[in-house]
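Enquirer: Take the sequence shown: its position 41, counted from the start at 1, is 41 in full-length UniProt numbering, and no numbers get skipped.
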Amino acid sequence: MSSLVERLRVKPDRKRFNTIDESDDEADLMPRTRPKTQENFERIVRSDAKENSCQACGESGNLLSCETCTYSFHTGCLLAPLKRLRLNNWMCPECVSPLNDIDKILDYEMRPVVAGETGAIVAGESDAKDLESKQSFVKQYLVKWKGLSYMHCKWVLEEEFLKAFKYNPGLKTKVNNFHRQVTAVRKLNEDFVAIRPEWTTVDRIIACRGNDDEKEYLVKWKELSYDESNWELESDISMFQAEIERFNLFQSRPRKFSYSKQKRSVNNDAKLIKQKKEFQQYEHSPEFLSGGTLHPYQLEGLNFLRFSWSKQTHVILADEMGLGKTIQSIAFLASLFKENVSPHLVVAPLSTLRNWEREFATWAPEMNVIMYVGSSQARSIIREYEFYFPEKNKKSKSIKFDVLLTSYEMINVDAAALNPIKWECMIVDEGHRLKNKDSKLFSSLKLFSSRHRVLLTGTPLQNNLDELFMLMHFLDAGKFGILEEFQEEFKDINQEQQISRLHKLLAPHLLR
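Rendered as structure tokens:
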């Protein structure tokens, strides 16, 4: 499989040839010549067909039989790859065109083929030097199949398309549309590559099924969303052993019940209170942070966050931009992770979520961090496979992740799915966006259950007392309850005495 992937990743030299005419004139889609190898292939199929031999190669053993005729095939001889031998109601390419299963046409080239006993074979799958005298160049399309990942893409002879056009007119339209699109793309990008290496690289494994004899993993690919995940045989992704081991590690962790229609258990609350009373600050950058050493001011921020958490004081981290509020926050959550305290929610602008994800991978790779964004289907897959362990008790679910990264938009759209989770810590990046109590984000997050809340901001807070009050009201509605009372108390804010009182009131909640 690795050799297949490498062949698909490399952009080979192209030979010039005339493209398919974009009109619907079928004459433009007819082959120039009919390779003898194709005639040989059809002769094997139609004349020498036997029930106990493959109709493509003529050999026997491990055959897949068609439900509607007497033909049989090896799975490896099929145009569209099959992952399983035991398939119900499978019909062979003679009964149903395999090109009906095309998801996308990715590229086209003049590629070498050689004449062999079993028909046209793509050069490179045999010894090219030995077959050089027999090879010729024919037009081929790089195809991605429905339900299969980019690892299983295949080059398909143009002649296969021409035959399929008779039974599937929509395929002809698909080919013509592809040519229009790819021509435009190549004009804009001379370095066009049909399959990016990331699309065949495992980002994370999100589920497993089957037994030791035939185990499959549900794979999310790098730079592709969850709704483009695919089930892969373990043998097909054996080169990604680290990701398999990481998945198995997360699956074997002790389970934390953080979703319930009931109140948190008394035992868990008592245990957490004891942990908070035993709080100790870090004198040096913690060893469990793998991304490097914290600067002194970052260590101060970490200890401030930990101390505030131990005192159940919700806070604002208001460092200037570029001083590492993200790293301080990750260090804080990593320290709680070491004390088995989770799950946590991080809400940030969509444009910054990738950076958050990278920093978590750098500084706290042991944590299971999920990015909750994407289409409705993608988020549904995340909720199904990444949120909870399977449980019989529907009233109590065990959380799988340690940190959920999401955007403001997702909070508004999926509050019903996120609100029931009992969050240990909620961190809101660019927290000054909560200054408007009438905003949907403020209203949604205000209803979330969280033991501890942290706002991150690089925007000056002292310019507007009303906005400052709303941020403090979000953090601690009991202490900062009514705006009018706050306004009355500090109506003469220019007086030194009132400034001193305000600073004293805010000091436990603010690090600048």
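Even for Gly, the Cβ is constructed at its ideal location relative to N, Cα and C.
Measuring alpha carbon to alpha carbon, tell me which of Lys146, Ser136, His74 ends up nearest Met100.
Expert: It is worth fixing the name first, because residue 100 is Asn in this sequence and not Met. Among Lys146, Ser136, His74, the Cα nearest to that of Asn100 belongs to Lys146.
Enquirer: Output the distance between the C-alpha atoms of Thr298 and Gly210, rounded to the nearest integer angstrom.
Expert: One point to set straight first is that residue 298 is Gln, not Thr, in the sequence displayed. About 47 Å.
Enquirer: Applying the criterion that 16 or more other CB atoms from any shown protein chain within 10 Å of the CB defines a buried residue, is Glu386 buried or exposed?
Expert: Buried is the call here.
Enquirer: Can you give the Cα-Cα distance for Val346 and Phe288, rounded to whole angstroms?
Expert: Spanning the two alpha carbons is a distance of roughly 20 Å.
Enquirer: Return helix, strand or coil for Cys77, following the three-state DSSP convention.
Expert: Three-state result, Cys77: helix.
Enquirer: To the nearest angstrom, how far is it from the Cα of Glu190 to the Cα of Asn303?
Expert: So the alpha carbons of these two residues sit roughly 52 Å apart.
Enquirer: Would you decide whether Ser375 is buried or exposed? Buried here means 16 or more other CB atoms lie within 10 Å of its CB.
Expert: Under this definition Ser375 is an exposed residue.
Enquirer: Just verifying my parser: in three-state terms, what is the DSSP assignment at Arg246?
Expert: Note: Arg246 maps to helix in three-state DSSP.
Enquirer: Whole angstroms are fine: how far does the CA of Arg451 sit from the CA of Trp423?
Expert: If you take the alpha carbons of Trp423 and Arg451, they lie about 7 Å apart.
Enquirer: Leaving out five residues before and five after Ala415 in sequence, what residues of the same chain have Cβ atoms less than 6 Å from its Cβ?
Expert: Excluding sequence neighbours, Ala415 sits near Ser444.
Enquirer: Are the segment 329-349 and the segment 164-173 touching, with three or more C-beta to C-beta distances below 8 Å?
Expert: Judged by Cβ distances under 8 Å, the segment 329-349 makes no contact with the segment 164-173, as fewer than three pairs qualify.
Enquirer: Would you check if there are 3 or more beta carbon pairs closer than 8 Å linking the segment 304-322 to the segment 289-296?
Expert: No: fewer than three Cβ pairs fall under 8 Å.
Enquirer: Suppose you measure from the CA of Thr118 to the CA of Cys57; what does that come to, to the nearest Å?
Expert: With a pLDDT of 37 at Thr118, under the threshold of 50, the modelled position of this residue cannot be trusted, and the question is left open.
Enquirer: Contact between the segment 366-374 and the segment 419-436: three or more CB pairs below 8 Å?
Expert: No, the segment 366-374 is not in contact with the segment 419-436.
Enquirer: Rounded to a whole number of angstroms, what is the C-alpha to C-alpha distance between His503 and Asp438?
Expert: Between His503 and Asp438, the C-alpha separation is close to 26 Å.
Enquirer: Which runs of the beta strand (DSSP E) at least 3 residues long sit entirely within the segment 140-172? Give them in chain order.
Expert: Whole beta strand (DSSP E) segments, 3+ residues: 154-157.
Enquirer: Identify the continuous beta strand (DSSP E) that holds Trp363 and give its terminal residues.
Expert: Not the beta strand (DSSP E): Trp363 falls in the alpha helix (DSSP H), residues 353-363.
Enquirer: How should Ile482 be labelled, buried or exposed, when 16 other C-beta atoms within 10 angstroms of its C-beta is the threshold for buried?
Expert: By the 10 Å Cβ count, Ile482 comes out exposed.
Enquirer: Tell me, please, which residues DSSP counts as bridged to Ala217.
Expert: It should be pointed out that residue 217 corresponds to Tyr in this sequence rather than to Ala. Paired residues: Cys208, Glu232.
Enquirer: Could you spell out where the beta strand (DSSP E) holding Ile316 opens and where it closes?
Expert: Here the beta strand (DSSP E) through Ile316 covers 315-317.
Enquirer: Quick one: what's got a C-beta closer than 6 Å to Leu475's C-beta in the same chain, skipping five residues either side?
Expert: Hits under 6 Å: His314, Arg453.
Enquirer: Under a three-way DSSP split, which group does Ser329 fall into?
Expert: In the structure shown, Ser329 sits in a helix (DSSP, three-state: H, G or I).
Enquirer: What does Met470 pair with, by DSSP beta-bridge criteria?
Expert: Note: Met470 sits in no beta bridge, so no partner.
Enquirer: Do you know how far the Cα of Gly324 is from the Cα of Leu78?
Expert: Rounded to the nearest angstrom, the two C-alpha atoms are 54 Å apart.
Enquirer: I need the boundaries of the beta strand (DSSP E) containing Trp423, first residue and last residue.
Expert: Run containing Trp423: 423-428, per the beta strand (DSSP E) assignment.
Enquirer: From Phe107 to Val175, what does the alpha carbon distance come to, in whole angstroms?
Expert: The sequence given here places Asp at residue 107; Phe does not occur at that position. Straight-line Cα distance between these residues: approximately 10 Å.
Enquirer: Taking Leu483 as part of the alpha helix (DSSP H), name the residues at either end of that continuous run.
Expert: Leu483 -> alpha helix (DSSP H) spans 483-489.
Enquirer: Just curious, the beta strand (DSSP E) that Ala56 is in, first and last residue?
Expert: Segment: none, Ala56 is in no beta strand (DSSP E) and carries neither H nor E.
Enquirer: Please classify Leu249 as buried or exposed, where buried requires at least 16 neighbouring CB atoms within 10 angstroms.
Expert: Classification for Leu249: exposed.
Enquirer: Would you call the CB atoms of Leu233 and Lys222 closer than 9 Å?
Expert: The answer is no: Cβ separation not under 9 Å.
Enquirer: Measuring alpha carbon to alpha carbon, tell me which residue in Ser97, Tyr226, Leu510, Lys139 is nearest Val113.
Expert: That would be Lys139, whose Cα lies nearest to the Cα of Val113.
Enquirer: DSSP three-state label for Met367, please.
Expert: In this structure, Met367 counts as coil in the three-state DSSP scheme.
Enquirer: According to DSSP, Tyr388 sits in a beta bridge with which residue or residues?
Expert: Beta-bridge pairing links Tyr388 to Ile399.
Enquirer: Where does Met110 fall in DSSP's three states?
Expert: Three-state DSSP puts Met110 in a strand.
Enquirer: Return helix, strand or coil for Leu445, following the three-state DSSP convention.
Expert: Helix.
Enquirer: Per DSSP, Phe337 is paired with what?
Expert: Bridge partners of Phe337: none, in fact.
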